[in-house]
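Comments concern the structure below.
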Amino acid sequence: MSTFEDLTRQIIEFRDPRNCKQFRSPRNLAASISIEAAGLLEIFQWTSDETIAEDVGANRTDIERELADIVIYCLLLAHETGTDLKAALEEKMLENNSKYPEERSRGSRAKYTEL
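Under my numbering, the first residue of the sequence shown carries the number 1, and numbering increases by one thereafter.
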């Protein structure tokens, strides 16, 4: 069993006894991912490149909680839509490798269509 499967099982074992599945439709989960990502972004809203390491240290717990919320909703969305998240990630990495070959993309921020 994969780590994703283990984590998803733990999340469902938490969710189901609380009768929360009714609030976790794919649409609501997608919205929740966006909302939690905005919460993560808010932590960095007024940081500067000069203070980023200090800001990360000062906000580590909040960052970890926001990231955990995002991953929980991602795992639930994958579960509810029948998505094999491990396979989807592996496929996406193959696609990225094709779009961004190391020899052309090293150190570049250009989009693959510009490489």
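All C-beta atoms in this analysis are idealised placements derived from N, C-alpha and C, irrespective of residue type, glycine included.
On a predicted model such as this, the values are computed, not experimentally measured, just so you know.
Alpha carbon to alpha carbon, how far is residue j from residue i? Give it in angstroms, no decimals.
i   : j    : result
N59 : A37  : 15 Å
E54 : T47  : 9 Å
K99 : Y112 : 5 Å
N19 : A87  : 29 Å
E66 : R104 : 34 Å
E91 : R106 : 21 Å
Judging by CA-CA distance, which residue of the options is the nearest neighbour of residue i?
i   : options                : result
A68 : Q22, P17, S32 and T113 : S32
A30 : N97, L77 and L115      : L77
T8  : G57, S34 and G82       : G82
T61 : P17, G39, E50 and P26  : G39
Quick check on residue i: does DSSP put it in helix, strand or coil?
i    : result
L40  : helix
N19  : coil
E54  : helix
D62  : helix
L115 : coil
Y73  : helix
T81  : helix
Q45  : coil
S2   : coil
Assuming residue i and residue j are in contact, meaning their beta carbons sit under 8 Å apart, how far apart are those beta carbons, in whole angstroms?
i   : j   : result
S75 : L85 : The sequence given here places Leu at residue 75; Ser does not occur at that position. At roughly 7 Å, the Cβ-Cβ gap stays under 8 Å, so L75 and L85 are in contact.
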